[in-house]
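Participant: Numbering (the numbering used here), first residue to last: 867 to 1767.
One structure, pasted below without further comment.
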């Protein structure tokens, strides 16, 4: 049964539209017609999760499977979380509003080392035990494991962090899905469907799942004393294979939220994987081989996606978009096809050495977006050490091309703390920025400004630098060096990554199973939303306390001191052999850490049982190449680097040659012709009452695009569609008389316009009437005179219908009811509310004794844009003035908007 959560999703919480589950292109499948019910959860607030491309793709793929459905859940805001706990209501899936415990399987995206605390928060809100052992114990019946129809769903995690090193989180999940999920998750669904029909036990199901390549079931593996992870039973694989899938752009089209999200645009993946070989980059190592998407598929997906969603912006996604050789051709083709739609293209951080006029021409539109490059290091030596494959000449050429093409502000990413780095390399960042500014100067042009992000290097598993560590003190010292240098350079905005969180990421990211108790205790102490700046202090305090309480503060100090290494067990064993069982001293640890001998590099790592395809020996060899500042070429375009990935299990690089770049058809020219003006009366009912006014305006823009209506545009630097909503409606209020004006570039039949508009509108925004008005008629906003409301009001004391009528009559009999109002400038002024009240009557007084304290009141009051407005809450003030009783406003419905002549 669906939980009664609708009463909790009200206008008093922040952005209630997050939780409605009624987005355009959301898939609603029948509960009773499906066998396996999934929930995909993104353990962040809705605005982050709903715009995540992987979340959208897997949601669409699972809902395309027969006999299976997929719903969604997100981390609720603190206000809704408090309501859920106060009312003992479990966390729910947004579409069905069912408790998460009603589903068969619950999947989390784990893409950040400290993100597990958000997952524990969601499990706790759902009433699900946090660890697989606790769930197993709660589900035992007569000593047997229950099947899928038991008390709790199977809990799994996927994502980059889950794939790289699942061990710190092994206590909490029944299994992990490693690598790409497009093919893996449907395979898991088929096994679950078969097991559910056969009534398999939970253990039997997990054992079957463990046979699927890419599924890791941690309860079937144990951690040895040397830190390695090995099977504890013979019928599971010794190493778990990372899955690799081919991107399918069509599945990227979906979920158009009504509230504004972090990435409020259509996103299409053009290339998966990166073979540049940057030695610090975990995504590059974990996504090999590189796979280009066919240009025709990309173009078709964008064209269809923009029509289906109504977005005015799209993004092409890849770890290195510039390495997609068809980028200029695809971008220009789309720009030409959508030339008249005022569409913009954005790209994530891209290779500066590949940035040229062709790429510059496809970016932006009438709204030129930002530009981001990642040189990573300030000197050529350091860029060679990290295998960036970027020379000073290429850096200057790319930045200068951007400046010549009109960009006067560029974002640059740099990193400090890399292996082999000296103060000269650190100061080289400031010198590089200053040099680029000097080279990009010209008459009549603004000086080139930079937004810099200076990150702290954090070693990641499965990279050549996974054996490296830097002290927090060193990070702080290097940051201060840069701060002093940056003071001398104008036109800079600099952001530094917090060193405390970098150390925590390192500690957890390279940890083993012993950290499960730390993660849990950190959550209990208040850690959560750790990637958000305003929570850093609370997060750091919680994690530090959790580490100390787990008795692992000695290990964390090694991270803080740059001494953390993978050799302490070996040293401990040596000490035991000499009858000294104490842990190594800091001096001993430093000596060990400074000697990365071939023997020490072979010590087992907590993630060695994850087969990413890259040989550990190759990582060791690449580390040696880094120490020699030796460059390794990109194997997508040059010779094989012999990393071990290419083969039967993972496939090979797929590089598609670029088609010819189409001739540029010209920039978007806004059509400012005003041939027809239509006035539309519409309603705002049901769930759409919880969508804000700004979200409603954005909705109309997208609806017009989807309906292919010939809307006129304003002029200027940022042309906007000529859509004018008469006035805002309070969040949570319903209405049956809202007004919006549309100006068109060519005349349309009114009925045709209405039909096309209504077809694309949500059902809770009905279209009541459309009429053509004169082009010279004033906007509805300027013609507003009065508004009629129906308001539901509750008295906070026992009342009778007679009393209600007496209060209404008393208000109507008065000539003055003075109210103190604060102006926008902060001044107080007295206004006579009675002058603004035209009609007032009692419409309904419930007969039920339990409801006799609430009534429905109709009033007609002034509603002018010069500020002469009578608001519903001011009616409450009038009631309280005459009745000496406190009242509560339960609901607002706007019945009519009255326009003057």
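For each residue, glycine too, the CB sits at the ideal point set by N, CA and C.
Owing to the predicted nature of the structure, the values given are computational and were not obtained by experimental measurement.
Restricting to Cα atoms, I'd like to know which of 1083, 1132 and 1049 is closest to residue 838.
Facilitator: Nothing about residue 838 can be read from this structure; the chain reaches only from 867 to 1767.
Participant: What number of angstroms, rounded off, separates the C-alpha of residue 1428 from the C-alpha of residue 1338?
Facilitator: Straight-line Cα distance between these residues: approximately 7 Å.
Participant: Can you tell me the Cα-Cα spacing of residue 987 and residue 1253, whole angstroms?
Facilitator: C-alpha separation (whole angstroms): 40 Å.
Participant: Mind reading off the beta-carbon distance from residue 1295 to residue 1348? Whole number of angstroms is fine, and I expect it under 8 Å.
Facilitator: Rounded, the Cβ-Cβ distance is 6 Å, consistent with contact.
Participant: Tell me residue 1591's beta-bridge partners as DSSP assigns them.
Facilitator: Note: residue 1591 sits in a beta bridge opposite 1606.
Participant: Looking only at C-alpha atoms, which of 1469, 1646, 1169 and 1653 sits nearest to residue 1705?
Facilitator: Answer by Cα proximity: 1653.
Participant: Report the CB separation of residue 1151 from residue 1363 in whole angstroms; it is logged as a contact under 8 Å.
Facilitator: Contact doesn't hold; Cβ gap of about 21 Å is too wide.
Participant: Taking all protein chains shown into account, do 16 or more other C-beta atoms lie within 10 angstroms of the C-beta of residue 1634, making it buried, or fewer, making it exposed?
Facilitator: So residue 1634 ends up on the exposed side.
Participant: Determine the closest residue to residue 834 out of 1207, 1283, 1146 and 1195, with distance taken between C-alpha atoms.
Facilitator: The requested residue 834 does not occur in the structure, where the chain is confined to residues 867 to 1767.
Participant: Suppose contacts are defined by Cβ-Cβ distances below 8 Å. Is residue 1018 in contact with residue 1042 by that definition?
Facilitator: No. Outside cutoff.
Participant: Count the other CB atoms within 10 Å of the CB of residue 1617; is the residue buried (16 or more) or exposed (fewer)?
Facilitator: Burial call: exposed.
Participant: How many whole angstroms separate the CB atoms of residue 1568 and residue 1122, which I take to be in contact at a CB cut-off of 8 Å?
Facilitator: Yes, they are in contact, since the Cβ atoms of residue 1568 and residue 1122 sit about 7 Å apart, within 8 Å.
Participant: Who are the Cβ neighbours of residue 1590 in its own chain at under 6 Å, not counting the five residues just before and after it?
Facilitator: Counting only Cβ-Cβ distances below 6 Å, and skipping sequence neighbours, we find 1607 and 1645.
Participant: Distance, Cα to Cα, residue 1310 vs residue 1161?
Facilitator: Cα-Cα distance, rounded: 39 Å.
Participant: Using 8 Å as the threshold, is the region 894–906 in touch with the region 1102–1110, meaning 3 or more CB pairs across them?
Facilitator: Cβ pair count under 8 Å is below three, so no.
Participant: Taking 8 Å as the cut-off, decide whether the C-beta atoms of residue 1623 and residue 1573 are in contact.
Facilitator: Their beta carbons are under 8 Å apart, which means residue 1623 touches residue 1573 by this criterion.
Participant: Quick one: complete beta strand (DSSP E) runs, 3+ long, within the region 1149–1203?
Facilitator: Within the region 1149–1203, the complete beta strand (DSSP E) runs of at least 3 residues are 1179–1183.
Participant: For residue 1535, is the classification buried or exposed, using 16 other Cβ atoms within 10 angstroms of its Cβ as the cut-off for buried?
Facilitator: Answer is exposed; the Cβ neighbour count stays below 16.
Participant: When you compare only the Cα positions, how much space is there between residue 1661 and residue 1754?
Facilitator: In a straight line, the C-alpha of residue 1661 is about 6 Å away from that of residue 1754.
Participant: DSSP has residue 1757 in a bridge; who is on the other side?
Facilitator: Bridge partners of residue 1757: 1658.
Participant: Going by beta carbon distance, what residues of the same chain come within less than 8 Å of residue 991, once the five residues before and after it are set aside?
Facilitator: Answer for residue 991: 942, 947, 950, 951, 956 and 957, listed in chain order.
Participant: Between the region 1342–1360 and the region 1164–1184, do three or more beta carbon pairs fall short of 8 Å?
Facilitator: Verdict: no, contact absent.
Participant: Closer than 8 Å is the cut-off here; do at least three beta carbon pairs connect the region 1374–1384 with the region 965–974?
Facilitator: Taking 8 Å as the limit for Cβ pairs, the verdict is that the region 965–974 does not touch the region 1374–1384.
Participant: Inspect the CB distances between the region 1490–1510 and the region 1137–1152 and report whether three or more fall short of 8 Å.
Facilitator: Yes, the region 1490–1510 is in contact with the region 1137–1152.
Participant: Measure from the alpha carbon of residue 1779 to the alpha carbon of each residue in 1191, 1271 and 1678, then state which is nearest.
Facilitator: Past the edges of the chain, shown from 867 to 1767, lies residue 1779, and the structure says nothing about it.
Participant: Can you say whether residue 1304 is buried or exposed, counting buried as having 16 or more other CB atoms within 10 angstroms of its CB?
Facilitator: Per the 10 Å Cβ criterion, exposed.
Participant: In whole angstroms, what separates the C-alpha of residue 1459 from that of residue 1101?
Facilitator: Note that residue 1459 has pLDDT 44, beneath the 50 cutoff, so the model's placement of it is unreliable and no number is given.
Participant: What does the alpha-carbon distance come out to for the pair residue 1153 and residue 876?
Facilitator: In a straight line, the C-alpha of residue 1153 is about 42 Å away from that of residue 876.
Participant: Taking a contact to mean a Cβ-Cβ separation below 8 Å, would you say residue 886 touches residue 1553 in this structure?
Facilitator: Their beta carbons are under 8 Å apart, which means residue 886 touches residue 1553 by this criterion.
Participant: Would residue 1286 and residue 1251 be called neighbours here (beta carbons separated by less than 8 Å)?
Facilitator: Cβ atoms of residue 1286 and residue 1251: closer than 8 Å.
Participant: Look at the alpha carbon of residue 999 and the alpha carbon of residue 1037, and state the distance between them as a whole number of angstroms.
Facilitator: Their backbone Cα atoms lie some 8 Å apart in a straight line.
Participant: Would you check if there are 3 or more beta carbon pairs closer than 8 Å linking the region 1689–1702 to the region 1725–1744?
Facilitator: Output reads yes: the region 1725–1744 touches the region 1689–1702.
Participant: Looking only at its chain, what residues have a beta carbon closer than 7 Å to the beta carbon of residue 1728, apart from the 5 residues adjacent to it on each side?
Facilitator: Hits under 7 Å: 1652, 1702, 1734, 1735 and 1736.
Participant: My assumption, with CB atoms under 8 Å, is that residue 1372 sits in contact with residue 1145. Please give the rounded CB distance.
Facilitator: Contact doesn't hold; Cβ gap of about 16 Å is too wide.
Participant: Return helix, strand or coil for residue 1716, following the three-state DSSP convention.
Facilitator: Note that residue 1716 has pLDDT 46, beneath the 50 cutoff, so the model's placement of it is unreliable and the number below is only indicative. DSSP places residue 1716 in helix when its eight states are reduced to three.
Participant: Comparing C-alpha positions only, which one of 965, 1596, 1225 and 1135 sits nearest to residue 920?
Facilitator: The shortest C-alpha separation from residue 920 is found at 1135.
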